[in-house]
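Trainee: First the structure, then my questions, so here it is.
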Amino acid sequence: MMERIELLRDHDRDLRFNGHWVASASSRKTNDQPRWLELNAYVTAEGKYVAEGIGRTVVDGEVDRHWAYVYDTAEDFVDAQFRDAMRCANCGRDLYGKYCAVCKKNTVREPTGERYLTRVSRELLEQMADVDDAVDKSLVVDVE
Ligand SMILES: [Zn+2]
782 MMERIELLRD
792 HDRDLRFNGH
802 WVASASSRKT
812 NDQPRWLELN
822 AYVTAEGKYV
832 AEGIGRTVVD
842 GEVDRHWAYV
852 YDTAEDFVDA
862 QFRDAMRCAN
872 CGRDLYGKYC
882 AVCKKNTVRE
892 PTGERYLTRV
902 SRELLEQMAD
912 VDDAVDKSLV
922 VDVE
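Numbering (this note's numbering), first residue to last: 782 to 925.
See below:
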């Protein structure tokens with residue numbers, strides 16, 4: 782069912798569209814977790830895909846962060862969920878943050894050339910694929 786949806790964005794003007802919610806995923810595992818990530822996916826009345834992210838926090842002095850992006854196709858949406866894998870420019874170790882455990886400091890990062898999905902992004906895409914054939918097809922590359 783189509784409804785008027787309005788999404789907050791810290792980095793830009795808010796988004797407003799007619800559409801419907803498709804899927805949600807969260808990195809929250811326990812109720813005492815101080816910070817977690819929530820992802821929501823929507824499809825607009827015109828068939829565009831919208832990804833919404835909310836960085837939740839219950840830490841004193843911190844505020845939730847909001848972002849949202851619009852994609853013309855399911856394939857663009859799926860593609861945008863992948864992140865560039867990074868390694869330490871100094872020692873080559875795979876990095877998931879700025880800190881390198883080998884160099885024992887925050888380090889310069891460089892892309893390894895590979896991409897990956899976070900657990901929460903994968904969960905979101907799998908939920909979408911269950912109800913949307915275009916997303917399901919976009920998760921696979923057909924080799925001929
Ligand atoms: Zn290093």
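C-beta: ideal position from N, C-alpha, C; glycine also.
For histidine 847, list the residues DSSP reports as bridge partners.
Mentor: Answer is Ile835, bridged to histidine 847.
Trainee: For the putative contact between alanine 861 and alanine 832, defined by C-beta atoms under 8 Å, what is the C-beta separation to the nearest angstrom?
Mentor: The Cβ separation is near 7 Å, so the contact holds.
Trainee: Drop a sphere of 10 angstroms on the beta-carbon of cysteine 869, count the other beta-carbons inside from all chains shown, and report buried for 16 or more, exposed for fewer.
Mentor: Cysteine 869 is buried by the Cβ-count criterion.
Trainee: Are the beta-carbon atoms of tyrosine 830 and phenylalanine 858 separated by less than 8 Å?
Mentor: Closer than 8 Å, so yes.
Trainee: Could you give the DSSP three-state label for leucine 796: helix, strand or coil?
Mentor: Looking at leucine 796 - three-state DSSP - the assignment turns out to be strand.
Trainee: Taking the alpha-carbon positions, what's the asparagine 812 to valine 883 distance?
Mentor: About 33 Å.
Trainee: Heavy atom of ligand 1 less than 7 Å from the Cβ of asparagine 871, yes or no?
Mentor: Yes - ligand 1 has a heavy atom lying nearer than 7 Å to the Cβ of asparagine 871.
Trainee: With DSSP run on the structure shown, which of helix, strand or coil describes lysine 886?
Mentor: Correct three-state label for lysine 886: strand.
Trainee: Check for me: the beta strand (DSSP E) holding leucine 818 runs from which residue to which?
Mentor: Element bounds for leucine 818: 816–825.
Trainee: Are the beta-carbon atoms of arginine 864 and threonine 899 separated by less than 8 Å?
Mentor: Contact flag set, yes.
Trainee: By how many angstroms is the C-alpha of valine 851 removed from the C-alpha of valine 924?
Mentor: Going by the C-alpha atoms only, they are around 28 Å apart.
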